[in-house]
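Q: The sequence shown begins at 16 in this note's numbering and counts up one residue at a time.
The beta carbon of each residue, even a glycine, is placed where N, CA and C say it ideally should be.
Source: prediction; values computed, not measured.
Let me begin by handing over the structure; questions about it come next.
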Amino acid sequence: MLTKSKPGWWMPEAAATPEDVFLNRRAFMAASGVSIAGALVPAGIARADDADPTADLYPAPHNESFELEREVTPEKYNLNFNNFYEFGSHKQIAGAAQKLEIRPWEVRIDGDVESELTVGIDDLIRRMPLEERLYRHRCVEAWSMAVPWTGFPMRSLVDFAKPLSRGRYVRMETFMDPQMAPGQRQAWYPWPYVEGLTIEEATNDLTFLVTGAYGKPVAKQMGAPLRLATPWKYGFKSIKSIVRFTFTEDRPRGMWEALQESEYGFWANVNPDVPHPRWSQATEEVLGTGERVPTMLFNGYGDYVAGLYTGYEGEKLYM
Ligand SMILES: Nc1nc2c(c(=O)[nH]1)N[C@H]1C(S)=C(S)[C@@H](COP(=O)(O)O)O[C@H]1N2
Ligand SMILES: [Mo]
């Protein structure tokens, strides 16, 4: 059920002072072996432009069917600890990511569809049924967060695209602009960032295209203006700053899969019992809490998605 009023994720302001954010972050980074470089980016410059032409759509109605048992990660963490390799291969890319130009922004829909088209992001967003949902997010690196995303079910985009029946997969692509994104000058990565889903996955109730977070347009470093959230899969599937959706008969090859096939696969479903070749996936560090908790099969979303994988038992579903 949708309610317009209650953003269920709102935290008491006292939940995190800047000091304890910094201290917890130090502890977290020390625990995860990440070096402490760069300073916190103040929320003021880290969030998406106030002049965003869709800003009036936020906060969107809150969908109460996706409540969480854990607290929402304070926004400051999500604005200052990111994976976005286009802007650097470390977590402190928030400052660099402010160079990302998110307007004008066009989204191409092509491949096996009734008619290929290009749509402006603001036009697209205004056609879609925006709502807010709380989701867990589990990175393959064994850290996690809980985020109030705003966006729309990917099923709505698939309906809009009108795929032909032979299209079995959706391939998604991030922008390509080495001038703007210094990470893309590092030629050993097979840019642009690509990810893919089966049509059944793309149209599952959980699969969400993100346009906002924390009740406003999503911040650049978190993947503005359009990003995927597939919360039962490792975070690398949740591709940021998407410019293209291609419906295809061929299974897409993700950027990480192309780079290191033995470690990152197509399915990437979360499973605590299947270790990454170089580390355990049994537990995860919850960003901002300094705590490790047990990881759940399908990141706790098995009721929604376990059925998608009958018939695929022979495949590497969990990497
Ligand atoms: N285009 C692009 N999308 C990306 C990534 C990236 O480097 N580039 N990193 C992925 C990984 S590994 C994770 S864990 C999440 C991180 O999202 P966050 O920075 O909002 O936490 O984005 C995913 N999407
Ligand atoms: Mo990740």
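Please indicate yes or no: does the CB of Ser-253 lie closer than 7 angstroms to some heavy atom of ligand 1?
A: It does: the Cβ of Ser-253 is within 7 angstroms (strictly closer) of some heavy atom of ligand 1.
Q: When DSSP builds the beta bridges, which residues end up paired with Met-187?
A: Beta-bridge pairing links Met-187 to Glu-210, Phe-260.
Q: Within the same chain, show all residues whose beta-carbon is closer than 6 angstroms to that of Pro-193, passing over the 5 residues directly before and after it, in chain order.
A: Answer for Pro-193: Gln-199, Arg-200, listed in chain order.
Q: Just the Cα atoms here: how many angstroms apart are Pro-168 and Leu-72?
A: Their Cα atoms are separated by approximately 16 angstroms.
Q: Mind checking if Val-225 is an interface residue toward chain B, Cβ cutoff 8 angstroms exclusive?
A: Absent from the structure is chain B; it holds one protein chain and no more.
Q: Thinking Val-285 and Phe-313 are a contact (beta carbons under 8 angstroms), I'd like their distance in whole angstroms, please.
A: About 6 angstroms separates the two Cβ atoms, so the contact holds.
Q: Which class does Phe-43 belong to by DSSP, given the choice of helix, strand or coil?
A: For Phe-43, the predicted structure reports a pLDDT of 47, less than 50, and the residue's modelled location is therefore unreliable. A value from the coordinates is still provided. Phe-43: helix per DSSP, three-state reduction.
Q: At a cut-off of 7 angstroms, is Val-258 close to ligand 3 when judged by its beta-carbon and the heavy atoms of the ligand?
A: Ligand 3 is absent from the structure shown, which contains only ligand 1 and ligand 2.
Q: In the DSSP assignment, find the unbroken alpha helix (DSSP H) run with Glu-330 in it and report its ends.
A: Element bounds for Glu-330: n/a, residue is neither H nor E.
Q: Please list, in chain order, all residues of the same chain as Gly-53 whose beta carbon is under 6 angstroms from its beta carbon, the five residues on each side excluded.
A: Any reading at Gly-53 is ruled out, since the residue's pLDDT is 40, under 50, leaving its predicted position unreliable.
Q: Would you say Asp-137 and Pro-68 are within 8 angstroms of each other, going by their C-beta atoms?
A: Yes, Cβ-Cβ distance for Asp-137 and Pro-68 is below 8 angstroms.
Q: Glu-264 to Tyr-184, Cα distance in whole Å?
A: If you take the alpha carbons of Glu-264 and Tyr-184, they lie about 6 angstroms apart.
Q: Which term fits Lys-114, buried or exposed, when burial requires 16 or more other beta carbons within 10 angstroms of its beta carbon?
A: Answer is exposed; the Cβ neighbour count stays below 16.
Q: With Ser-171 as the anchor, note down where its alpha helix (DSSP H) starts and where it stops.
A: Start and end: 169 to 176.
Q: Figure out for me which residue from His-152, Ile-124, Arg-123 has the closest Cα to the Cα of Leu-83.
A: Considering only alpha carbons, the answer is His-152.
Q: Would you call the CB atoms of Val-173 and Ala-217 closer than 8 angstroms?
A: Contact flag set, yes.
Q: For Tyr-126, collect the residues of the same chain with a Cβ closer than 7 angstroms to its Cβ; drop the 5 residues on either side in sequence, then sort them by chain order.
A: The displayed chain sequence assigns Gly, not Tyr, to residue 126. Correct list, in chain order: Gly-182, Thr-261, Phe-262, Thr-263.
Q: Just how far apart, CA to CA, sit Thr-310 and Ser-130?
A: If you take the alpha carbons of Thr-310 and Ser-130, they lie about 42 angstroms apart.
Q: Alpha carbon to alpha carbon, how far is Phe-251 from Thr-88?
A: Each residue's Cα considered, the two are about 19 angstroms apart.
Q: Per DSSP, Phe-223 forms a beta bridge with which residues?
A: For Phe-223, which the question treats as bridged, DSSP gives the partners Pro-168, Ala-244.
Q: Quick one: using the 10 Å Cβ neighbour count with 16 as the cut-off for buried, is Ser-104 buried or exposed?
A: Counting Cβ neighbours within 10 Å, Ser-104 comes out exposed, since fewer than 16 surround it.
Q: Between Gly-227 and Ala-66, how many whole angstroms is the CB-CB distance? I'm expecting something under 8 angstroms.
A: Their Cβ separation, rounded to whole angstroms, is 15 angstroms, which puts Gly-227 and Ala-66 out of contact at 8 angstroms.
Q: Does Met-237 come out as helix, strand or coil in the three-state DSSP assignment?
A: Met-237: helix per DSSP, three-state reduction.
Q: What three-state label does DSSP hand Met-311 in the structure shown?
A: Of the three classes helix, strand and coil, the one that applies to Met-311 here is coil, per DSSP.
Q: For the alpha helix (DSSP H) holding Gly-317, just list the boundary residues, first then last.
A: Here the alpha helix (DSSP H) through Gly-317 covers 317 to 320.
Q: Among Leu-149, Val-128, Trp-158, which has the Cα closest to the Cα of Phe-175?
A: The candidate whose alpha carbon is nearest that of Phe-175 is Val-128.
Q: Taking just the CA atoms, how far does Pro-246 sit from Leu-132?
A: Their backbone Cα atoms lie some 28 angstroms apart in a straight line.
Q: Around the C-beta of Tyr-316, are 16 or more other C-beta atoms found within 10 angstroms, so that it is buried, or is it exposed?
A: Buried.
Q: Just to confirm before moving on: does the CB-CB distance between Ala-273 and Pro-287 stay below 8 angstroms?
A: No, these two residues do not count as a Cβ contact at 8 angstroms.
Q: Would you mind reading off the limits of the beta strand (DSSP E) that contains Tyr-279?
A: Unbroken run through Tyr-279: none, as it is neither H nor E.
Q: Confirm, please, whether the CB-CB distance from Ser-80 to Leu-302 is below 8 angstroms.
A: No, the Cβ-Cβ distance between Leu-302 and Ser-80 is not below 8 angstroms.
Q: In three-state terms, what does DSSP make of Glu-146?
A: Correct three-state label for Glu-146: strand.
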